[in-house]
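The structure appears below as structure tokens.
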Amino acid sequence: MTDLSQAIRAALLTGDKRGKVMATRALVRGWRRGALPTGFSVPMPDHPAWPDGLEILPPGRMPKRGKGGSDRNRIALWHSLAHIEFVAIDLALDIVGRFGANMSEDFVADFLAVAADEAMHFALIERHLATMGATYGDLPVHAGLWLSAQETAHDAGARLAVVPMVLEARGLDVTPGTLARVESQGDLRGAKILQRILDDEIRHVAAGARHFDVFCRTHGKEPKNHWKMLVNRHFKGVLRPPFNDSARLAAGLSRDLYETVV
Numbered sequence: 002m003t004d005l006s007q008a009i010r011a012a013l014l015t016g017d018k019r020g021k022v023m024a025t026r027a028l029v030r031g032w033r034r035g036a037l038p039t040g041f042s043v044p045m046p047d048h049p050a051w052p053d054g055l056e057i058l059p060p061g062r063m064p065k066r067g068k069g070g071s072d073r074n075r076i077a078l079w080h081s082l083a084h085i086e087f088v089a090i091d092l093a094l095d096i097v098g099r100f101g102a103n104m105s106e107d108f109v110a111d112f113l114a115v116a117a118d119e120a121m122h123f124a125l126i127e128r129h130l131a132t133m134g135a136t137y138g139d140l141p142v143h144a145g146l147w148l149s150a151q152e153t154a155h156d157a158g159a160r161l162a163v164v165p166m167v168l169e170a171r172g173l174d175v176t177p178g179t180l181a182r183v184e185s186q187g188d189l190r191g192a193k194i195l196q197r198i199l200d201d202e203i204r205h206v207a208a209g210a211r212h213f214d215v216f217c218r219t220h221g222k223e224p225k226n227h228w229k230m231l232v233n234r235h236f237k238g239v240l241r242p243p244f245n246d247s248a249r250l251a252a253g254l255s256r257d258l259y260e261t262v263v
């Protein structure tokens, strides 16, 4: 019988965008119903499969995205958001498949829930892109998010510190401004999608912070100091204000945690 890790690996290696969404939803439903047993019998791939023909550029070579309300800029914005959510599916699946054997069932449940959310976010954005006559894959993307996964593939603590507690937390900072800009352009449907994503991302960051705390205490580490050490070692970017302190606090990230890493 297929176990959870086998289903996750298969979803990670599904490059078709609709296929990845459907495979993710199916494995989460199956696990929740008890039809897909918890098991970690296979390793995770070094890189997930992405859609055929997707143009991947180094981050520094990505075209600059304008901030105006032209159709071209709107498509570029929503295409970028689609890519973030598509890779977020893989990040959530990978953290379960790669580290779940040594973590709690709550960890598995929480990050499978994140994977289901990210699949839903991607589907919503894809449908919104379609109203603009565009689809995911029309524009180039970069692999910066997955590089963070590769950098932390050896250590569950490092993965939790960098992906939910830095990368997803950054979404809490920038999404309100994007939402306001989209709403000011009259895109009320897009604004509702972004509000849904923001609400869900608070829960995702909170799950990361909670399980990071458990990880640290299990391994005899002081959470605040260990987080700062891991971020300095494994995060290749720079933490820059402004921070959405209220959303971060709702997710369990106090300002005294991250302000000294800036």
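According to my numbering, the sequence shown is numbered sequentially starting from 2.
Glycine included, every Cβ here is placed at the ideal spot set by N, Cα and C.
Any heavy atom of the ligand MN closer than 8 Å to the beta-carbon of residue i?
i: Ala-157; result: With respect to small molecules bound, the structure shown includes none, and the ligand MN cannot be examined in it.
Give me the DSSP bridge partner(s) of residue i.
i: His-143; result: Leu-58
Measure the C-alpha to C-alpha separation of residue i and residue j and round it to an integer number of angstroms.
i: Ala-32; j: Ala-117; result: For clarity, residue 32 is Trp in the given sequence; the question names Ala instead. Computed Cα separation, rounded: 12 Å.
i: Asp-47; j: Thr-176; result: 29 Å
i: Gly-256; j: Leu-250; result: According to the sequence displayed, residue 256 carries Arg and not Gly. Computed Cα separation, rounded: 8 Å.
i: Ile-126; j: Arg-10; result: 24 Å
i: Leu-55; j: Arg-19; result: 14 Å
i: Met-63; j: Ala-110; result: 35 Å
i: Gln-186; j: Gly-70; result: 7 Å
i: Leu-200; j: Ala-114; result: This sequence places Asp at residue 200; Leu is not what is there. Near 14 Å, if we compare the C-alpha coordinates of Ala-114 and Asp-200.
i: Asp-107; j: Val-215; result: 11 Å
i: Asp-72; j: Gly-134; result: 10 Å
i: Arg-75; j: Gly-191; result: 10 Å
i: Ala-131; j: Leu-173; result: 26 Å
i: Ser-6; j: Ser-42; result: 6 Å
Measuring alpha carbon to alpha carbon, tell me which residue in the options is nearest residue i.
i: Ala-8; options: Arg-19, Gly-16 and Ala-27; result: Ala-27
i: Glu-260; options: Gly-35, Val-183 and Asp-246; result: Asp-246
i: Arg-182; options: Arg-171, Ala-170 and Gln-196; result: Gln-196
i: Leu-258; options: Lys-237, Pro-224, Thr-179 and His-235; result: Pro-224
i: Met-121; options: Leu-55, Gly-35, Trp-228 and Ile-194; result: Ile-194
i: Leu-78; options: Met-2, Asp-4 and Thr-136; result: Thr-136
i: Val-97; options: Gly-61, Ala-150 and His-80; result: Ala-150
i: Glu-119; options: Ile-90, Val-142, Leu-37 and Thr-132; result: Ile-90
i: Ala-208; options: Pro-52, Ala-252, Asn-233 and Thr-25; result: Ala-252
Please classify residue i as buried or exposed, where buried requires at least 16 neighbouring CB atoms within 10 angstroms.
i: Pro-243; result: exposed
i: Ile-85; result: buried
i: Val-239; result: exposed
i: Met-104; result: buried
i: Ile-198; result: buried
i: Met-166; result: buried
Is the beta carbon of residue j closer than 9 Å to that of residue i?
i: Leu-92; j: Ala-162; result: no
i: Glu-169; j: Ala-159; result: no
i: Val-22; j: Ala-144; result: no
i: Leu-254; j: Ala-210; result: yes
i: Ile-203; j: Ala-157; result: no
i: Asp-264; j: Met-45; result: Nothing in the structure corresponds to residue 264, since the chain is present only between 2 and 263.
i: Lys-237; j: Leu-148; result: yes
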